[in-house]
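Engineer: A single structure is presented below for examination.
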Amino acid sequence: MKPLLKSIHWSLGIAVITLVLAAIFSVISTFVLSGVTWAVGMIIVLIIVFFGVFFDTIGVAATAASEKPFHAMASERLNGAKQAVLITRNADKFANFCNDVIGDISGIISGTASAYVVLQLSIQLGYGETSIQQFWVSVLFTSVIAALTVGGKAIGKTIAIHYATPIIYQVGRLLYLLEVKLNIKVFQSNGKKQKKTK
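Take 17 as the starting number for the sequence shown in the working numbering and just add one per residue.
The structure is reproduced here in structure tokens:
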């Protein structure tokens with residue numbers, strides 16, 4: 017019963033975070049895209065796609081990484097090693113945030129941005145909103161973005177599996193900097209409890 021309640025609590029929390037982040041990203045993307053040309057809009061869409069692929073790669077690396085190498089790094093007092101241990105211990109939640117929250121939001125925002133770019137391109141080329149030309153431009157652009165997203169994630173997964181340890185160590189170093197410089201803790205360290213349950 018307790019694991020179920022914890023799961024429900026996590027799911028509700030992540031749903032609220034997703035709602036907030038989706039609203040923020042949507043507002044930012046709409047603001048950035050307003051008034052730009054279709055070429056600049058296309059670059060922005062590609063950046064959003066890359067952003068999603070990047071976080072998907074990190075999420076997969078978290079599930080593929082082993083905790084053992086980071087314990088060795090922590091014993092040598094390397095900055096970020098303890099944070100990397102916490103990432104691997106919370107791999108399911110970390111991957112859920114990176115892959116599902118950030119990844120899905122990026123997919124939704126890139127779709128909305130793509131529609132805006134298609135509209136701008138159609139206006140530039142003098143096509144009507146319901147013309148067959150705009151339809152094919154929309155199909156072509158959407159297909160290219162979908163192919164880049166899926167292909168990018170496929171490459172990212174391969175990289176994540178083969179280089180999981182260095183990727184998560186670099187993320188751990190970033191989390192270490194956040195803790196030291198900005199006093200932002202992503203994970204609460206509860207190592208003793210974790211060891212007892214294993």
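Beta carbons are placed, not taken as given, at the ideal position from N, Cα and C, and that holds for glycine.
Count the C-beta pairs between the region 64-73 and the region 118-134 that are closer than 8 Å, then say yes if the count reaches three, no if not.
Structural biologist: Counting Cβ pairs under 8 Å, three or more are found: they touch.
Engineer: Excluding the five sequence neighbours on either side, which residues of its own chain have a C-beta within less than 7 Å of the C-beta of Ala176, listed in chain order?
Structural biologist: Here residue 176 refers to the residue found at position 160 when the sequence shown is read from its first residue. Thr73, Val76, Ala77, Ala80 and Ile183, listed in sequence order.
Engineer: So Ile30 and Phe113 are in contact, right, with Cβ under 8 Å, and what is the actual spacing, rounded?
Structural biologist: By 1-based counting over the sequence shown, the position of residue 30 is 14. By 1-based counting over the sequence shown, the position of residue 113 is 97. So it is a contact: roughly 7 Å between Cβ atoms.
Engineer: Buried or exposed: Leu28, going by 16 or more other Cβ atoms within 10 Å of its Cβ?
Structural biologist: Taking the first residue of the sequence shown as 1, we reach residue 28 at position 12. Exposed, since its Cβ has fewer than 16 Cβ neighbours within 10 Å.
Engineer: For chain D, find out if any of its Cβ atoms is closer than 8 Å to the Cβ of Ile60; answer yes or no.
Structural biologist: Protein chains in the displayed structure number just one, and chain D is not present.
Engineer: Is it right to say Ala100 is buried, meaning 16 or more other beta carbons lie within 10 angstroms of its own, or is it exposed?
Structural biologist: The residue you call residue 100 lines up with position 84 of the sequence shown. With 16 or more other Cβ atoms within 10 Å, it is buried.
Engineer: Quick one: is Thr213 buried, meaning 16 or more other Cβ sit within 10 Å of its Cβ, or exposed?
Structural biologist: Translated into the one-based positions of the sequence shown, residue 213 becomes position 197. Low confidence applies to Thr213: its pLDDT is 37, below 50, so where it sits in the model is not reliable, and the reading given next is rough at best. Exposed, since its Cβ has fewer than 16 Cβ neighbours within 10 Å.
Engineer: Take Leu193 and list the residues in its own chain whose beta-carbon comes closer than 7 Å to its own, dropping the five residues that flank it on each side.
Structural biologist: In the sequence shown, counting from the first residue as 1, residue 193 sits at position 177. Cβ within range, chain order: n/a, list empty.
Engineer: In three-state DSSP terms, what is Ser50?
Structural biologist: Here the question's residue 50 lines up with position 34 in the sequence shown. Correct three-state label for Ser50: coil.
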